[in-house]
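Throughout the sequence shown, residue numbering follows mature numbering (1 follows the signal peptide of the UniProt record, and there is no 0), covering -29 to -1, 1 to 587 in sequence. Ideal placement from N, C-alpha and C gives every residue a C-beta, glycine not left out.
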Amino acid sequence: MIPHRSLLRRAGLCAATAICVLLPGWASAVELYKPGSDKDPQVQLARFLGADQRYFSAIVELQEIAQGKDPLQLSPEYRLELANNYLGFGMRDRAESLYRSLLGSSVDKKQLAQSFLRLAEFDFQRGYAAESRATLYRMRDKLPKDMLPEWQDLLVRVLMSERRYGEAIDVLTKEDNASDQSPFTRFNLGVALLNEGRIAQGQTVLDKVGLRDPDNALELSLRDRANLSLGWQFLQSRQGGTAAPILSRVSSEGPFANRALLGLGWAELAPQGERLRKQDSADDKNSDKKGYTTFSTLGVLIRPGFLDNDVFDRVGIGLGSFRLRKSKGDTEAILKRALVPWVVLIQRDPMDPAVQEAWLAIPYTLDQLGAHAQALQFYEKAVGVLEQARKRMDDAQRSIKAGRMVETIVRRDADAESGWNWKLRDLPDAPETYFLQSLLGEHRFQEGLKNYRDLRMLDRNVQGWRRRLDLIQTEYAARDQQPADADALVQRVLRDVDPPYAGTTIGLQLDSNIVAPGSYNQRVEANDMLTPQLSLGGAPARFNGPYERVNVLRSRLNNLHQQLSATATQQAGLLEAMAMQELDGQRRQIERYLIEARFALARLYDRQQKGQLDND
């Protein structure tokens, strides 16, 4: 039988042997890294935070790695990560400086090109078109081939914002890559061609975009926009016969449906023009000829046979109740066809300008048909609808002046750190938001809104730190502490401070003339004693203990809070001024419609008084 101690000794020996065997493997498994390198855990954490659009936290994490050093002294991977997060949070100048420092470095060229594209996109959205264009032209020579369509798309948008349509066309047509371009890029090409005066080519390009089979909601919206733009372009060119079938392609429900319905009515009344022939283009073979039967379009909505028989009765027109004495033949049929889309349109939201115009177009058409009594009724209804619209506009303007609009819009994502990449996902239920849909979609308002939201987020962060400092001080003051022991404090200081005589060497020398101990009896005079020269030391100029450091931090936080609050108030005022300007324009349009409706009513009443109207 083996003794218990022997078993323990053998077990310990086996364990030690196993550890010795495993140690080399463990040592090789340890992943060494240089601070700020791509393998640094803090850099990887910052990359995760950036991917989660928490750019502010990522910047704080990366700055902690630098510890006050110039970022240019750290690795290229660190600089790229820091620059991406700077740009994501909207700190454009710092990002550009770091991107430029990476030219010629070991950073992946495609990754760096994508960063410069994002920088150019940032400048474009912020309204710095010249800076965006310069960045795009600088990166052209070293641009990876597979990024060319993306580069073209952004540069064309920049050039079109500067009304440089000829250059935009050259950018898209100089390279033989039409099949690689997105439908959004082709739409921009069509618009640029129209603005450059190359009407037939522009119409052909837009027509192809309008015939595409959409793969998602964005492409469906683009198709509708292309058809709406092309249809109204034909209307302005007095080509109503060509405009009507194009406008009928627009989806019956969507952001462009109301304008398309309005245009369909005017297309019936406009000169029909001659049938146009499309110009051949190099990408005809790439045209998408598939149908679009999966979505409801206006052509289906108002096509005879698919339209309810009582569509006029539902809105109180009753076209069968009067005699058409002043309309003959085709004119009567044309006027009736024009009424069909407008009758559908006036059943929609009366705050839409297209709906408001339809309320005026219907009584005008009824008057032309000779239905004077119905025309009077509809003009009176139009006045009521427009008065209600003006009242709602007044409510919206009062809401904006009360200062609640901007804060209400950003309240949902108040603490998000997404910075420049923040998107407005939905609109709050407020009086003014419906009227501002077009403004909310513009870069100038969106970027200002992002700035305001970031300022509010930073201010909340500062106030959070103020509360933490107050809590620290409150807990310290509430703690039950015993008086400090002076001797213990002195001993603590002595442990931490070297004595002034430390390291001093005392030299001793043998002297045989010294009197034997105990035989020296001469009295020492008091004057012979050395008196140390002491002086009163001054109090420290300043203390730098925890209490003092907390007060300094609190003062800095108070200053930051004041600056952020003042800047946020100024930014909110700018946004509110933009909103008021937008609503003023819409209000003037409503008032113009009101004036037209009232003048038309006055003319009809005047003619009625003179007996010039039939009372049938």
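For residue 519, the first and last residue of its enclosing alpha helix (DSSP H): Position 548 of the sequence shown, counted from the first residue, corresponds to residue 519. From DSSP, the alpha helix (DSSP H) with residue 519 extends over 517 to 580.
Sorted by chain position, which residues of the same chain lie with C-beta nearer than 6 Å to residue 95's C-beta, five sequence neighbours on each side aside? Your numbering for residue 95 matches position 124 in the sequence shown. Excluding residues within five positions, the ones whose Cβ falls inside 6 Å are 103, 129.
Under the DSSP definition of a beta bridge, which residues are partnered with residue 506? As a position in the sequence shown, residue 506 is number 535, starting the count at 1. Looking at the DSSP assignment, residue 506 forms no beta bridge with any residue, so it has no partner.
Buried versus exposed call for residue 312 [16 or more other C-beta atoms within 10 Å across all chains shown]: Locating residue 312 in the sequence shown gives position 341, where the first residue counts as 1. Classification for residue 312: buried.
Hey, residue 48 and residue 8 are a contact pair by Cβ (cut 8 Å); roughly how many whole angstroms apart? Here residue 48 refers to the residue found at position 77 of the sequence shown. Here residue 8 refers to the residue found at position 37 of the sequence shown. About 6 Å; that satisfies the 8 Å criterion.
Is the stretch 528 to 548 close to the stretch 365 to 378, with three or more CB pairs under 8 Å? A contact exists between the stretch 528 to 548 and the stretch 365 to 378.
Taking the alpha carbon of residue 93 as the reference point, which residue from 61, 108, 577 has its own alpha carbon closest? Stepping through the sequence shown from its first residue, residue 93 is reached at position 122. Considering only alpha carbons, the answer is 61.
With a 10 Å radius around its C-beta and 16 neighbouring C-beta atoms as the bar for buried, classify residue 527 as buried or exposed. Here residue 527 refers to the residue found at position 556 of the sequence shown. It is exposed - the Cβ of residue 527 has fewer than 16 other Cβ atoms within 10 Å.
Curious, which full-length beta strand (DSSP E) runs of at least 3 residues does the stretch 109 to 159 contain? Runs of the beta strand (DSSP E) inside the stretch 109 to 159: none found.
Answer with buried or exposed for residue 412, where buried requires no fewer than 16 other C-beta atoms within 10 angstroms of its C-beta. Indexing the sequence shown from 1 puts residue 412 at position 441. Label assigned to residue 412: exposed.
Is residue 165 near residue 152, with beta carbons less than 9 Å apart? Counted from its first residue, the sequence shown places residue 165 at position 194. Counted from its first residue, the sequence shown places residue 152 at position 181. Cβ distance not < 9 Å, so residue 165 and residue 152 don't count as in contact.
Whole-Å CB distance - residue 561 paired with residue 428, under 8 Å assumed: Against the sequence shown, residue 561 aligns to sequence position 590. Against the sequence shown, residue 428 aligns to sequence position 457. A Cβ-Cβ separation of about 37 Å leaves residue 561 out of contact with residue 428 under the 8 Å criterion.
How would you write the range of the alpha helix (DSSP H) that residue 391 sits in, first residue to last? Here residue 391 refers to the residue found at position 420 of the sequence shown. Counting along the chain, residue 391 falls outside any alpha helix (DSSP H), and DSSP gives it neither H nor E.
Contact belief for residue 162 with residue 195 at Cβ below 8 Å, rounded distance in angstroms: Walking along the sequence shown from the start, residue 162 turns up at place 191. Walking along the sequence shown from the start, residue 195 turns up at place 224. Not quite, the Cβ-Cβ distance comes to about 15 Å (not below 8 Å), so this is no contact.
Meets three-Cβ-pair contact criterion under 8 Å: the stretch 550 to 560 and the stretch 403 to 410: yes
For residue 190, which residues from the same chain have a beta carbon less than 8 Å from its beta carbon, with the 5 sequence-adjacent residues on both sides left out? Counted from its first residue, the sequence shown places residue 190 at position 219. For residue 190, where only same-chain residues beyond five positions count, the Cβ hits under 8 Å are 154, 183.
Would you report the Cα separation of residue 322 and residue 10, rounded to the nearest angstrom? Position 351 of the sequence shown holds residue 322. Position 39 of the sequence shown holds residue 10. Looking at the two C-alpha atoms, the distance is approximately 57 Å.
When DSSP labels each residue in this structure, what does residue 46 get in the three-state scheme? Sequence index remark: in the sequence shown, residue 46 carries index 75 (1-based). In this structure, residue 46 counts as coil in the three-state DSSP scheme.
Taking just the CA atoms, how far does residue 432 sit from residue 199? Counting from one through the sequence shown, the residue named residue 199 turns up at place 228. Counting from one through the sequence shown, the residue named residue 432 turns up at place 461. One C-alpha to the other measures close to 46 Å.
How is residue 222 classed by DSSP in three states: helix, strand or coil? Taking the sequence shown and counting its residues from 1, the one referred to as residue 222 is at position 251. The answer is strand: DSSP assigns residue 222 an E or B state.
Does the stretch 104 to 113 come close enough to the stretch 75 to 89 that 3 or more CB-CB pairs lie under 8 Å? yes
Rounded to whole angstroms, what is the Cα-Cα separation between residue 68 and residue 543? For this step, residue 68 is matched to residue 97 along the sequence shown. For this step, residue 543 is matched to residue 572 along the sequence shown. Going from the Cα of residue 68 to the Cα of residue 543 covers about 30 Å.
If you count every other CB in all the chains shown that lies within 10 Å of the CB of residue 317, and 16 or more means buried, which is it? Counting from 1 along the sequence shown, the entry for residue 317 is found at position 346. By the 10 Å Cβ count, residue 317 comes out buried.
Does DSSP classify residue 484 as helix, strand or coil? Mapped onto the sequence shown, residue 484 falls at position 513. Residue 484 falls in the coil class under three-state DSSP.
Can you find the residues in the same chain that come closer than 7 Å, C-beta to C-beta, to residue 89, ignoring five residues on each side of it along the sequence? Position 118 of the sequence shown, counted from the start, is the residue given in the question as residue 89. Excluding residues within five positions, the ones whose Cβ falls inside 7 Å are 58.
Beta-carbon gap between residue 26 and residue 419 smaller than 9 Å: Along the sequence shown, read from residue 1 onward, the residue named residue 26 stands at position 55. Along the sequence shown, read from residue 1 onward, the residue named residue 419 stands at position 448. Going by C-beta atoms, residue 26 is not nearer than 9 Å to residue 419.
I need the straight-line Cα distance from residue 439 to residue 522, nearest angstrom please. Translated into positions along the sequence shown, residue 439 becomes position 468. Translated into positions along the sequence shown, residue 522 becomes position 551. Answer to the nearest angstrom: the Cα atoms are 13 Å apart.
How far does the alpha helix (DSSP H) with residue 78 in it extend, from its first residue to its last? In the sequence shown, the residue the question calls residue 78 occupies position 107. That residue, residue 78, is in no alpha helix (DSSP H); it is neither H nor E in DSSP.
Return the chain-ordered list of same chain residues with a C-beta closer than 7 Å to the C-beta of residue 229, the five sequence neighbours on each side being excluded. Position 258 of the sequence shown, counting from 1, holds the residue named residue 229. Apart from sequence neighbours up to five positions away, the residues of its chain that approach residue 229 with a beta-carbon distance below 7 Å are 316, 319, 323, 325, 326, ordered along the chain.
Since residue 197 contacts residue 173 with CB under 8 Å, what's their CB separation in whole angstroms? If you number the sequence shown from 1, residue 197 lands on position 226. If you number the sequence shown from 1, residue 173 lands on position 202. Not a contact, Cβ separation roughly 11 Å.
Residue 372 - containing alpha helix (DSSP H), residue span: Stepping through the sequence shown from its first residue, residue 372 is reached at position 401. First-last of the alpha helix (DSSP H) with residue 372: 343 to 372.
Does the stretch 337 to 355 come within contact of the stretch 564 to 577, defined as at least 3 CB pairs closer than 8 Å? yes
Neighbourhood of residue 206 by C-beta distance below 8 Å, restricted to the same chain and skipping five residues each side: Residue 206 sits at position 235 when you count from the first residue of the sequence shown. Closer than 8 Å at Cβ, skipping near neighbours: 214, 234, 237, 238, 241.
Should residue 484 go down as buried or exposed, given a rule of 16 or more other Cβ atoms within 10 Å for buried? To locate residue 484, count along the sequence shown from 1; it is residue 513. Label assigned to residue 484: exposed.
With distances taken from CA atoms, which of 355, 223, 340 is nearest residue 301? Here residue 301 refers to the residue found at position 330 of the sequence shown. The shortest C-alpha separation from residue 301 is found at 340.
If you draw a straight line from the C-alpha of residue 30 to the C-alpha of residue 171, how long is it? Along the sequence shown, one-based indexing puts residue 30 at 59. Along the sequence shown, one-based indexing puts residue 171 at 200. Cα to Cα, residue 30 sits roughly 52 Å from residue 171.
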